[in-house]
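Please read the structure below before turning to the comments.
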Amino acid sequence: MNFSGLLAQLFAIALALAAAPLLTGWVNQCRAWLQSRSAPPLLQPYYMLHKLFNKDVVLAHGASDLFRFAPFIVFGCMVLACAIIPSLSTDLPFAPSADTIALVGVFGLARIFISLAAMDIGTSFGSLGSRREMLVGFLAEPALLMVIFTTALISQSTSVATIVETLAHREFIIYPSLAFAGIAFTFVSLAENARVPVDNPATHLELTMIHEAMVLEYSGRHLALIEWAASLKLYAYSCLGLALFFPWGIAAGDSFLGLLAAVPLLAFKLAVGGFLLAVIETVNAKMRIFRAPEFLGTAFLLAVLGLLVRLLLETRV
Amino acid sequence: MNAAIPLTAQLINLFAAVILLLAFAMLAQRRVLPLINLFALQGLTLAASTIVAAVSTGQHHLYWSAGLTLLLKAALLPWILHRLVRRLHVKWEVESLINVPTTMLVGIGLVIIAFNVALPISQLSDTITRGTLGIALAVVMLAFLMMITRTKAIPQVVGFLAMENGLFLAATSATYGMPMVVELGIALDVLVGAIILGVFFFQIRDQFDSLDIRHMERLKDN
Amino acid sequence: MDFFILMLTFPLVSGALLTVFGERAWAPNLNIIASLGTFLCAAGLTAEIVASGPRMVFGEEFFIDSLNVFLVTLTAFVGLTTSIFSGPYMKNEQEHGRLTKPRLRLYKSMYQLFMFTMLVALTTNNLGILWVAMEAATLTTVLLVSLYRTPASLEAAWKYFILCGVGIAQALFGTILLYFAAERVLGETGNALLWTHLVDVKGQLEPTIMSLSFIFLLVGYGTKVGLAPLHNWLPDAHAEGPTPISAVLSGLLLNVALYAILRCKVLADGAIGPGFAGNLMMGFGLFTLVVAAFFLSRQKDVKRMFAYSSIEHMGLITFAFGMGGAVANFAGLLHMTMHSLTKSAIFFAVGHATQKTGTQVMENIRGLMKINPLIGWGLMLGTLAILGMPPFGVFASEFMILTHAMKHHAWATPVLLLALGVAFAAIFGKVQPMVFGETEAKPLPHAPAITPVFLHLSLVLMLGLYIPPYLTRWFHEAARMLG
Amino acid sequence: MPTLLPIDALLIAACAWLAVGLAGLAAPANTRFIARTLFPLGALVGLLVGIVGLCFLGESPETAVLVIGLPDLPFHLRLDNLTAVFAMLLGFASAGISVYAAGYFRQGGGAAPGLLCLEYHVFLASMLMVLLADDAYAFMVAWESMALSSFFLVTTDHKHGEIRRAGYLYLLLAHLGAISILLSFGVMTSGSGDYSFAGMRAQELSPFWASVAYLLALVGFGAKAGLVPVHVWLPEAHPAAPSPVSAMMSGVMLKTAIYGLLRVGFDLVGEPLWWWGVVALGVGLVTALFGVLYSTVQSDMKRLLAYSSIENIGLIAVGIGLTLTFHAYGMEALAALAMTAVLYHCLAHAGFKSLLFLCTGSVLHATKERSLGKLGGLIHRMPWVAWLALAGVIASAGLPPLSGFVSEWLLLQSFLFSPGLPHPWLNMIVPVAAAVVALVAALAGFAMVKFFGIIFLGQMREESLKDAHDAGPWEKAGLVWLASLTVLLGVLPATVIGRIDAVTHQLLGTGLAERVREHGWWMLAPISPERASYEPLVFLATIVASVLLGRWVVRRFYHGRMRRSPAWDCGYFFQGPRAQDTAEGFSQPIRRIFEPMFRMQRHFPTARDAKPYYSVKVEDHFWHWLYVPIARAAKATSALIATLQGGRIAIYLLYSFLTLILLLLVARP
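Chains as they are written, first to last, in my numbering: chain A, 53 to 369; chain B, 529 to 750; chain C, 278 to 760; chain D, 276 to 944.
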């Protein structure tokens with residue numbers, strides 16, 4: 053680990069922090085277009101965060117300290133996730149600190165804290181939200197793990213950096229298993245980021261919401277942090293998806309030019325990804341909560357299938 | 529060719545046969561008092577055969593045991609039993625679980641078994657009365673059968689004592705008697721046992737006001 | 278003065294005295310003192326034998342070797358503790374109006390005579406006398422079983438008398454056959470029934486006769502041991518008699534009967550060669566074990582249940598001796614000892630429990646821990662010990678039996694373990710609710726004599742963890758003697 | 276002058292425990308003396324045991340022979356690395372639990388405290404002896420004494436019928452398990468009659484008999500560990516026992532069974548066959564899934580934890596299965612990886628599960644409530660317990676950066692590198708197994724959120740909870756000790772693995788330590804950092820840094836203003852405690868998704884109910900599939916045999932008559 057590596061690392065984090073809300077904004081804008089509504093400004097999320105940070109925190113009477121710490125911890129987890137996932141270059145000093153399994157662990161940690169916080173006030177909607185969130189979680193987590201396993205088997209490694217190295221900078225091979233894994237990953241990331249068809253970030257109809265129900269009691273800077281964390285999560289997942297399935301263009305070494313070259317490429321890929329997400333959200337309708345298990349179960353099965361395909365077709369023993 | 533066998537041996541075999549016959553008779557007997565009498569008769573025959581054995585072998589302690597037998601089996605025990613029957617007003621009829629003919633048939637089967645079991649031994653035996661061991665065994669088994677089939681206390685006891693007779697027959701005529709001390713002990717046990725039984729009858733009668741042992745089937749697990 | 282003669286005198290004389298003075302206030306103490314004397318003499322005798330080998334008494338009529346001397350000590354010891362236990366127990370019975378003074382007199386005298394007959398049976402050298410003593414032991418206990426004069430007790434006593442009488446008669450036939458066989462070797466001399474002589478010539482005894490004779494002896498004495506299917510008298514007699522008698526019956530009498538079989542087995546093995554007698558005993562043992570184990574779960578009466586457990590253990594011991602060989606015989610003797618100590622301890626505890634709650638029906642006995650923790654713990658620990666729970670000694674002997682069986686008769690091991698498992702489930706499932714839980718019960722006029730229970734249990738515990746070397750040597754000698 | 280060997284030290288420790296226990300009988304009613312003097316002493320001894328074990332790791336085995344035991348088989352003792360690591364576990368866990376117990380046992384709690392003290396310390400001593408035993412007899416004695424003492428501890432409060440039933444079930448299964456273990460030992464001696472473990476090692480078993488021995492051991496130890504289907508005692512016994520005892524049983528006693536499995540599978544029985552591993556793997560997976568599913572639907576906090584223990588044991592069994600398979604195929608490096616996962620999970624689980632059970636103990640004392648439906652909001656009243664429990668919860672959910680995650684990570688790693696097994700079927704099975712493990716881990720999170728959220732968060736569901744009090748100083752000390760163990764195991768995996776590596780070296784001949792040490796103490800990279808790596812410290816640092824930084828930035832550029840107000844009621848005017856999720860409600864999705872896995876009896880209110888109520892009862896399938904039929908069969912058999920005792924004397928005479936005749940006709944020399 054050297055200075056330039058550290059620089060690249062910090063740059064990646066800074067970029068994530070800065071660009072995540074933008075991505076959210078972009079997705080919302082695309083959705084508005086596709087649904088032929090007048091779109092909010094691209095920078096709307098930033099105004100939003102600014103406003104929330106300025107507002108006072110209104111804390112419910114029953115709230116304990118855990119309720120107040122949770123947003124920060126969730127935020128921290130997401131920052132760590134963004135730090136690990138190679139968005140621009142694979143030479144990240146933090147990368148060894150957590151491989152893909154640990155990455156899943158990070159998301160799990162964040163989920164646990166947000167759900168506990170939701171139960172803390174003791175309103176019916178809080179516990180309802182956390183229950184549903186955990187439901188989605190325990191189905192999505194193994195699916196994600198399986199997806200990662202598939203890629204890990206290809207590269208004989210669970211460290212994201214190595215995976216990307218293998219996929220991006222070796223001779224180009226078509227991996228059928230990745231197709232399965234890719235679809236499964238899409239499903240999972242939709243569910244994890246509280247998107248249609250599993251959840252609807254725009255709704256405030258209590259009976260249908262999951263994520264929104266959990267953060268119902270949050271306000272002020274806490275809410276801001278949670279929103280920011282949410283967009284960071286979206287950003288992290290997108291980067292992960294890109295890194296796993298479209299890794300081309302991510303700089304191998306820590307050459308500064310490579311980094312600079314990688315930035316516009318990343319921006320382009322994210323833009324496309326965001327647009328596709330918007331498309332998915334538009335063409336699908338939100339499903340009943342108890343259809344979600346089927347949806348995620350499918351993802352899980354696809355991922356396992358990918359794993360089997362990987363072992364069947366692509367291992368040369 | 530009977531001549532080969534000395535008279536004493538013939539007598540002993542005869543008595544043994546009689547004892548077997550009496551055993552069958554007891555098996556067939558339907559009334560209490562005749563049963564006891566038959567038992568007494570059996571004891572008498574036993575004593576007689578013992579005496580013959582004593583004469584033929586000249587073992588003195590056999591006289592003693594003959595006397596004991598006479599005293600106990602032929603006199604004392606029957607007398608006790610008679611008294612009991614009178615004192616307890618036992619009904620004269622003796623019911624049997626299985627009807628008499630069947631019992632007899634089974635008895636004959638037992639005799640065959642007994643003889644066959646005893647055969648190898650009697651062949652080994654060099655005593656003149658080799659056959660009696662089989663008879664003794666048969667008597668024991670018939671007495672056993674009687675105990676099984678009779679439903680009243682007294683006949684059961686008679687059967688028990690008849691079994692002792694069979695054993696005694698085996699002891700005296702087949703092996704010319706056990707050591708004296710043993711025989712005395714055995715006799716003592718039989719006596720005490722009979723007395724205890726007498727005590728029992730009264731207790732049972734007080735509790736169940738009858739000597740029918742079919743009342744005594746309460747202790748069970750099924 | 279000779280320890281041996283003293284040992285036989287104590288019970289005989291005190292028995293006679295008690296028949297006369299049995300109703301005096303000091304009678305119970307006399308009972309205890311006599312038993313104590315017997316025990317001390319037995320201990321002295323043991324020391325003597327351990328020091329200076331086997332010996333004869335009264336010409337050759339009595340013979341004491343390391344096999345029977347240890348049984349003598351055991352018998353005397355359990356006899357002592359039982360007499361200690363029965364003091365307050367019988368007083369309570371009397372004050373509950375279950376027993377009258379004359380019956381108590383009968384009880385005490387018969388108890389001493391019973392001890393006497395057992396000691397004779399153990400020490401005699403004459404197989405005929407052995408038979409006589411066994412029969413006498415039956416006769417002395419018959420009246421004790423029917424002591425309460427309730428219909429049930431009478432029925433039990435009647436069955437006990439008839440079945441054992443018939444059984445013992447068969448044993449007599451066996452003895453006659455044995456004599457018949459011996460006479461042909463030893464001639465007309467009076468010592469054709471003396472075990473010591475028979476052992477010397479056991480090789481020449483006629484196999485056919487010996488096999489028949491052993492069958493009769495096995496069925497005969499086996500009835501008294503309680504081998505299935507000859508066991509039917511045993512649960513009745515144990516359940517209906519007074520508890521001290523149940524304790525000595527299953528703790529001692531069964532041992533004595535088994536001892537008789539063992540003496541005969543030695544001769545049979547010598548004549549017929551190993552296998553025949555052993556296989557018969559193993560067959561009976563296994564069958565008994567399994568049958569008894571399955572009986573256990575149906576019991577409602579606590580004493581009856583433990584009677585069945587005695588049958589079960591007798592089956593196990595018979596199996597062990599049937600296997601033969603130094604280790605198995607050692608294990609069998611050890612298990613005999615453990616079972617006597619543990620089972621009598623259990624019966625003591627059960628006796629107090631039934632007196633406190635006034636019933637023998639297990640559903641109605643609850644919360645012994647609350648009534649009297651000592652009794653509760655006594656029963657609980659005793660039960661666990663008898664079920665073969667380490668660190669109690671029963672496990673030690675069972676371990677040796679099982680391991681030996683695994684080595685030589687692997688096919689039998691699953692059966693043994695199945696039976697032991699079933700027995701565990703049955704007994705423990707019934708005892709635990711008796712000991713634990715809530716209850717309302719009244720205190721007794723006389724404090725229970727709880728020392729015997731814990732004396733026995735601590736012995737069992739000690740032997741489970743550590744068997745003193747001299748005991749080991751002693752057992753080994755006895756085992757070797759059994760071949 | 277003879278020096279004090281570690282094995283002597285452990286032996287002395289066992290005796291010391293016994294002595295402490297007996298001292299309890301000296302003043303059976305003096306709670307103060309027992310709680311404040313004896314239990315701390317026991318904790319001290321435990322600490323020593325732990326230290327001895329820790330220091331011994333890596334040494335060469337020591338043996339000893341005692342005078343006690345059977346004449347021809349005195350107690351053999353042996354201290355090797357496997358023993359040492361479990362002794363370490365026992366020592367450190369029991370130290371914390373004993374300190375806690377010093378504050379926990381008080382006046383009028385069921386049995387006399389002196390008796391409790393005796394049973395508790397006999398329990399500890401016997402567990403230590405189990406680890407030390409080196410022959411079948413010593414092992415069985417220690418094993419059964421352990422079962423016995425724990426049985427009496429479980430039935431401490433035997434006033435209640437269900438506790439008695441639980442105790443009965445527990446001891447019965449323990450005994451049957453012991454019988455099967457004894458059989459397995461017997462098979463392993465293969466007729467040599469030498470029941471010392473050395474003798475068993477010496478035997479060369481045929482594959483068939485080796486398999487028999489192994490399967491018997493699996494059943495026997497599984498019955499103690501709580502593997503499906505012999506798990507039924509566990510969810511009954513753990514809740515029944517006083518909380519320190521539950522903690523001891525779940526945290527430590529179950530591990531003795533794991534110790535036994537390792538001892539037999541890798542030390543005594545000889546070369547394993549590959550399919551043993553598959554069996555263990557399958558059983559483990561079923562157990563883990565079963566355990567976690569049932570733990571999510573429990574409404575009693577201790578039952579929930581008990582089922583979660585079953586789940587963890589299942590995961591451990593999975594690890595053992597992998598190890599066996601790799602070992603059988605001679606892939607020792609991977610075997611070492613899997614075994615490290617097993618050992619690590621044993622240590623981790625001992626830490627966090629004891630911690631959680633002790634927390635439930637404090638809650639129980641503070642509220643007299645075990646049912647989740649009557650708890651809630653306790654974080655306000657008992658913050659210490661709550662925050663320490665949170666550590667346990669996170670570890671138990673297998674989340675970084677705490678202990679649970681490390682072992683799960685290692686386990687998944689060993690799955691990931693398993694392709695390459697020379698057996699196509701295995702290669703197909705392994706990913707599915709990995710998927711199940713992942714599912715289990717995620718579900719554990721669900722169960723733990725339910726556990727913590729419903730007990731400590733939200734509004735108080737009962738008025739009585741208002742006057743709940745926090746744990747006392749002794750209890751706090753014990754909790755803190757265990758929590759710190761959990762954290763240490765979480766953040767210093769490389770160091771710990773460096774120590775326990777001695778075990779894998781002893782059993783498999785290789786280990787991870789060399790490769791792990793290359794990359795420094797802060798990084799865990801069992802193969803190589805390129806392939807897989809995990810740095811909990813950096814991990815933790817990053818999160819903490821970003822939390823603090825975020826907080827500072829917000830305060831610096833904006834403000835820290837805050838005001839309180841009632842919770843938003845969504846326009847409904849009543850938002851009482853009753854409006855929160857109940858325990859049943861929270862697990863409703865699980866019940867709905869995995870419906871066939873449960874045996875449920877539900878009652879739904881209808882429109883016309885005068886008193887409408889909703890109730891759901893979840894039962895264990897295995898009762899009705901396995902145990903009820905067996906019980907029926909036994910009953911029928913005994914009914915059949917009982918006809919022997921018909922009560923009619925004539926029939927009895929007939930029996931003996933027939934026996935005689937049969938023998939006369941059949942028996943021939």
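For glycine and all other residues, C-beta sits at the position ideal for the given N, C-alpha and C.
Between residue i and chain C, is the shortest Cβ-Cβ distance under 8 angstroms, so that the two count as touching?
i, result
"THR430 (chain D)", "yes"
"GLU419 (chain D)", "yes"
Exposed or buried, which one is residue i when buried takes at least 16 other CB atoms within 10 Å?
i, result
"PHE450 (chain C)", "buried"
"ILE640 (chain B)", "exposed"
"VAL295 (chain D)", "buried"
"ALA353 (chain C)", "buried"
"LYS910 (chain D)", "exposed"
"SER78 (chain A)", "The question names Ser, but residue 78 (chain A) in the sequence shown is Trp. With 16 or more Cβ atoms within 10 Å of its Cβ, TRP78 (chain A) is classed as buried."
With DSSP as the reference, label residue i as helix, strand or coil.
i, result
"ALA531 (chain B)", "Caution applies to ALA531 (chain B), whose pLDDT of 48 falls short of 50 and renders its modelled position unreliable; the model cannot decide the point."
"TYR747 (chain C)", "helix"
"PRO650 (chain C)", "helix"
"PHE607 (chain C)", "helix"
"PHE340 (chain C)", "strand"
"VAL248 (chain A)", "coil"
"ASN468 (chain C)", "helix"
"THR631 (chain B)", "helix"
Against chain D, with Cβ distances strictly below 8 angstroms, would residue i count as a contact?
i, result
"THR630 (chain B)", "no"
"GLU269 (chain A)", "yes"
Looking at the C-beta of residue i, does it have a partner C-beta in chain B at a distance below 8 angstroms?
i, result
"LEU504 (chain C)", "no"
"ARG943 (chain D)", "no"
"TYR456 (chain C)", "yes"
"GLN920 (chain D)", "yes"
Report the rounded CA-to-CA distance for residue i versus residue j, giving the unit in angstroms.
i, j, result
"ILE636 (chain B)", "ILE626 (chain B)", "15 angstroms"
"ALA630 (chain C)", "TYR395 (chain D)", "28 angstroms"
"GLU511 (chain D)", "ASN356 (chain D)", "33 angstroms"
"VAL369 (chain A)", "PRO699 (chain D)", "Its pLDDT being 43, under 50, VAL369 (chain A) is placed unreliably in this model, and the value from its coordinates should be taken loosely. Approximately 10 angstroms, taken between the alpha carbons."
Inspect the beta-carbon positions of residue i and residue j and report whether they are closer than 8 angstroms.
i, j, result
"LEU457 (chain D)", "MET404 (chain D)", "no"
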